[in-house]
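Take the position in the sequence shown, starting the count at 1, then add 1; the result is the number in my numbering.
Beneath this line is the structure, given in structure tokens, with notes to follow.
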Amino acid sequence: MKEKLDGAKSYFDYKERCLFCDMIRQELTDAARIVEESRHFLVFAPFAARFPFEVWIYPKRHACAYVDITKEEIMDFSRRSANTLKRLGIALKNPSYNYILYTAPNRIPRSGHWHT
Ligand SMILES: [Zn+2]
């Protein structure tokens with residue numbers, strides 16, 4: 002997790018933009034790896050997937066923590082998540098899988114650190 006956060010911070014320091022928002026914009030532009038798009042979320046296969054059939058569900062608005070999710074987004078996320086698992090289950094005949102949720106670990110402001 003620390004490596005991911007450090008990488009995102011380095012990207013932000015260099016580009017002055019959010020890595021994850023840029024990834025969403027790039028995926029929407031390419032439209033080659035999109036599995037599903039909804040009002041609030043984009044489901045896609047990452048450009049450099051670490052595992053076969055790896056799928057990411059990213060919010061389309063800049064967000065770093067599930068505590069900030071709205072009720073409408075919760076419903077939307079639930080549908081995208083269920084659809085994704087259903088697709089994988091059908092395509093791969095109910096495989097075992099890892100389901101990982103990333104969220105901001107600690108949002109207490111500290112000097113010299115970002116706040117989102
Ligand atoms: Zn962002």
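Using N, Cα and C, we set each Cβ at its ideal position, and we do this for glycine too.
Rounded to a whole number of angstroms, what is the C-alpha to C-alpha distance between TYR67 and ALA83?
Along the sequence shown, one-based indexing puts residue 67 at 66. Along the sequence shown, one-based indexing puts residue 83 at 82. Here the alpha carbon of TYR67 sits roughly 17 Å from the alpha carbon of ALA83.
Limits of the unbroken beta strand (DSSP E) element including GLU38
For the purposes of this step, residue 38 is taken as residue 37 along the sequence shown, with counting starting at 1. Residues 35-38.
Nearest-angstrom Cα separation, counted from LYS16 out to ASP77:
The residue labelled residue 77 in the question sits at position 76 within the sequence shown. The residue labelled residue 16 in the question sits at position 15 within the sequence shown. So the two alpha carbons sit approximately 30 Å from each other.
Can you tell which of TYR103, PRO47 and LEU29 has the C-alpha that lies nearest to the C-alpha of ARG40?
In the sequence shown, counting from the first residue as 1, residue 40 sits at position 39. Cα-wise, what sits closest to ARG40 is LEU29.
For SER79, which of PRO60, CYS65, ALA92 and GLY90 has the nearest alpha-carbon?
For this step, residue 79 is matched to residue 78 along the sequence shown. Closest option to SER79, Cα to Cα, is PRO60.
Classification of ALA49 by the beta-carbon crowding that lies within 10 angstroms, buried from 16 upward:
The residue you call residue 49 lines up with position 48 of the sequence shown. Exposed, by the Cβ-count rule.
Sort LYS94, ARG88 and GLY8 by Cα distance to VAL56 and report the nearest one.
Here the question's residue 56 lines up with position 55 in the sequence shown. It is ARG88 whose Cα lies nearest to the Cα of VAL56.
Skipping 5 residues on each side, what residues in its chain have a beta carbon closer than 6 Å to that of SER97?
Along the sequence shown, one-based indexing puts residue 97 at 96. Excluding residues within five positions, none has a Cβ falling inside 6 Å.
Measure the CB-CB distance between MET45 and ARG34 and report whether it falls below 7 Å.
One-based indexing of the sequence shown puts residue 45 at position 44. One-based indexing of the sequence shown puts residue 34 at position 33. Residue identity differs from the one stated: residue 45 is Phe in this sequence, not Met. In this structure, ARG34 lies closer than 7 Å to PHE45 by Cβ.
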